[in-house]
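A short worksheet on the structure shown next.
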Amino acid sequence: MMIQHKTVLREEAIRYLGVLSNHHYVDCTLGGGGHTEAILDRNGTKGRVIAFELDADTIVRTKRRLKRFGARLIVVEDNFRSIGRVTEYGMPISGILYDLGTSMDLLKSSGRGFSFLVDEPLDMRFSLSTERTAADLIRTTRESELADLIFRYGEERLSRRIAHAIMQTRTHTSITTTRELVSVIERAVPPSYCRGRIHPATRTFQALRIAVNDELECLSESLEQAMALIERGGRIVVISFHSLEDRIVKQFFRIQKLKKTGIILTKKPITPSREEIEKNPNCRSAKLRALEILTPRP
Ligand SMILES: C[S@@+](CC[C@H](N)C(=O)[O-])C[C@H]1O[C@@H](n2cnc3c(N)ncnc32)[C@H](O)[C@@H]1O
Numbered sequence: 125m126m127i128q129h130k131t132v133l134r135e136e137a138i139r140y141l142g143v144l145s146n147h148h149y150v151d152c153t154l155g156g157g158g159h160t161e162a163i164l165d166r167n168g169t170k171g172r173v174i175a176f177e178l179d180a181d182t183i184v185r186t187k188r189r190l191k192r193f194g195a196r197l198i199v200v201e202d203n204f205r206s207i208g209r210v211t212e213y214g215m216p217i218s219g220i221l222y223d224l225g226t227s228m229d230l231l232k233s234s235g236r237g238f239s240f241l242v243d244e245p246l247d248m249r250f251s252l253s254t255e256r257t258a259a260d261l262i263r264t265t266r267e268s269e270l271a272d273l274i275f276r277y278g279e280e281r282l283s284r285r286i287a288h289a290i291m292q293t294r295t296h297t298s299i300t301t302t303r304e305l306v307s308v309i310e311r312a313v314p315p316s317y318c319r320g321r322i323h324p325a326t327r328t329f330q331a332l333r334i335a336v337n338d339e340l341e342c343l344s345e346s347l348e349q350a351m352a353l354i355e356r357g358g359r360i361v362v363i364s365f366h367s368l369e370d371r372i373v374k375q376f377f378r379i380q381k382l383k384k385t386g387i388i389l390t391k392k393p394i395t396p397s398r399e400e401i402e403k404n405p406n407c408r409s410a411k412l413r414a415l416e417i418l419t420p421r422p
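Residue 335 in the numbering used here sits at position 211 of the sequence shown, and the numbers go up by one each step.
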């Protein structure tokens, strides 16, 4: 069953992008196309959006949904770490948007194990052309490396215990589904941890997804390139969903401020209103940051 992703901070993203009629924008994370649609509704009859997306099924569905925009929407099936490809279209770019992470569609209906709430193969790849799945990673990584990965990308304080339990299980059986991994984690942590605010598998799942998709590196590499692609006065807007991503964005924007290549437009990150959180609790950790570009294109 298809679940339509609820776009987070839609109006705020449009406001900070400063969408102008007949200007062109890049949406690095097309997903269900909510942000792309909002831009295309506002950037006039000649304005275009170049949108990146890794998941082929998402592209098919969203292109169909946004068919009415015709050639004004250009979809690129690629990682936004290859954002330099926008130069192929020879258009001046006035703004670049990132709405990071997974969409509800991927979480609920991709069948690729993004959620610990349903039993699916432990895959977690945004793109099926990525070589290594989460199950491969668990099968091949050494205990100490796995513990470091769960600690670094999941900020999981019980990372050593969890990695050890995974290794113990691995010696007699393979872990290939979300349910198998969840039960290993539940057995590894103290009972009190299972009664906590979040599910005990939350952080480990986040860590594996980030590692499988190399998410933090992709973001850093893309932001670096984005600076050279935008016209003077254009904007970069990033919506992130956990502190690791937000830290990368915050530091990157600070460096641009110090180098006098950008002005930070959001002294504090913009967060969803109480009303938006009530309608869509999944957006509660969202943070939006925006930068205006000062340097002309090289
Ligand atoms: C949070 S959703 C975007 C939702 C979209 N803004 C909307 O309103 O419907 C993020 C999307 O970005 C895609 N994605 C994640 N990392 C990516 C990357 N490095 N390059 C391209 N697409 C990526 C995911 O497959 C997912 O569909």
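Virtual Cβ for every residue (Gly too), placed ideally from N, Cα, C.
Proximity winner among Phe240, Leu197, Ser251, Ile163, relative to Asn337 (alpha-carbon distances) | Ser251
How would you label Ser346, buried or exposed, when you count the other beta carbons within 10 angstroms and need 16 or more for buried?
-> buried
Check whether the Cβ atoms of Ala414 and Tyr149 lie closer than 8 angstroms to each other.
-> no
How many angstroms separate the CA atom of Leu224 from the CA atom of Ile163?
-> 17 angstroms
Who are the Cβ neighbours of Gly358 in its own chain at under 8 angstroms, not counting the five residues just before and after it?
-> Ile217, Ser218, Gly219, Ile220, Glu416, Ile417
Distance cut-off 7 angstroms: Thr182 Cβ against heavy atoms of ligand 3 | By its list of ligands, the structure shown excludes ligand 3, since it contains just ligand 1.
Tell whether a beta-carbon distance below 8 angstroms holds between Tyr277 and Ile363.
-> no
Per-residue DSSP class, three states only, for Leu412 = strand
Would you be able to state if there are at least three C-beta pairs under 8 angstroms between the segment 258-269 and the segment 309-328?
-> no
Span of the beta strand (DSSP E) around Arg355 = Note on residue identity: the sequence assigns Glu, not Arg, to residue 355. Segment 354-364, the beta strand (DSSP E) holding Glu355.
Three-state secondary structure assigned by DSSP to Glu369 | helix
Near Glu394, which residues of its chain fall below 6 angstroms by C-beta distance, leaving aside the five closest residues on each side in sequence?
-> At residue 394 the sequence reads Ile, which differs from the Glu that was named. Only Glu136, Leu412 meet the Cβ criterion.
Could you give the distance in angstroms between the alpha-carbon of Val313 and the alpha-carbon of Thr293?
-> 14 angstroms
Could you say which of Leu178, Arg256, Arg263, Pro315 lies nearest to Leu282 if we only look at CA atoms?
-> Pro315
With burial defined as no fewer than 16 other Cβ atoms inside 10 Å of the residue's Cβ, what is the status of Ile379: buried or exposed?
-> exposed
Kindly provide the ranges of any alpha helix (DSSP H) runs that are 4 or more residues long and lie completely inside the segment 287-324, ordered along the chain.
-> 302-312, 315-318
Roughly how many angstroms lie between the CA atoms of Ala195 and Thr265, to the nearest whole one?
-> 45 angstroms
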